[in-house]
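So the sequence shown is numbered by the numbering used here: it starts at 15 and just counts up by one.
Written out below as structure tokens is the structure these notes cover.
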Amino acid sequence: MLLFSQYIETKYATRLLAAGSAGVGYLLKDRVANVAEFTDALSRVAAGGTALDPEVVTQLAGASSRAADLAPLTERERQVLSLMAEGRSNAAIAQSLTVSAGTVEKHVAAVFDKLGLPASQDLNRRVLAVIRHLHA
């Protein structure tokens, strides 16, 4: 499900992400200026990934004061989690941070571990970690 809106409504964004379903996105109409970026976001959502406008992520992060949930994370792990919240793949995160994909995988695993998100067939740890990030 892709929400395409003129405004940021944190309650809708939170509900969208809390549903835990694969393939979700929240984009702002006035910030989608590049057709290639829009089609990339559509492809990520269609493939079961996420696509979140960075401003939506910022608003959601500021909407809550529960930062203590993320206290165990290092600064780099927080950066990785923030980029995950934007819907970026591990490869895209590696490129953005100028590190190897293996390094990103280690940071992602550390995030899951520190947030107490064990591997599960029923739950998507990546989505749950992003929800924690958005609520923090």
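We put the CB at the ideal spot given by N, CA and C, even for glycine.
Predicted model only: the values in this text are computed from it and were never measured.
Delimiting residues of the alpha helix (DSSP H) encompassing residue i
i, result
"Ser96", "89 to 99"
"Ser19", "Element bounds for Ser19: not the alpha helix (DSSP H) but the beta strand (DSSP E), 16 to 19."
"Leu129", "Run containing Leu129: none; DSSP gives neither H nor E here."
"Ala27", "24 to 32"
"Val141", "139 to 149"
"Ala105", "104 to 111"
Chain-order list of residues whose beta-carbon lies under 7 Å from that of residue i (same chain, five-residue window excluded)
i, result
"Ser114", "Ala108"
"Ala105", "Ala115"
"Leu131", "Arg139, Leu142, Ala143"
"Pro68", "Glu100"
"Ala36", "Gly62, Asn138"
Same chain, Cβ closer than 8 Å to residue i, five either side skipped, listed in chain order
i, result
"Glu91", "His121, Ala124, Val125, Lys128"
Residue interval of the beta strand (DSSP E) (run including residue i)
i, result
"Ala85", "It is not in any beta strand (DSSP E) - Ala85 carries neither H nor E in the DSSP assignment."
"Ala65", "64 to 66"
Classification of residue i by the beta-carbon crowding that lies within 10 angstroms, buried from 16 upward
i, result
"Ala143", "buried"
"Ala99", "buried"
"Leu137", "exposed"
"Arg45", "exposed"
"Ala29", "As written in the sequence, residue 29 is Arg, which differs from the Ala given in the question. Exposed: under 16 other Cβ atoms inside 10 Å."
Whole-Å CB distance - residue i paired with residue j, under 8 Å assumed
i, j, result
"Leu41", "Ala61", "Not quite, the Cβ-Cβ distance comes to about 16 Å (not below 8 Å), so this is no contact."
"Val70", "Ala27", "6 Å"
"Gly39", "Ala50", "That pair is no contact at about 16 Å."
Runs of beta strand (DSSP E) wholly within the segment 35 to 61 (minimum 3 residues, chain order): 38 to 42
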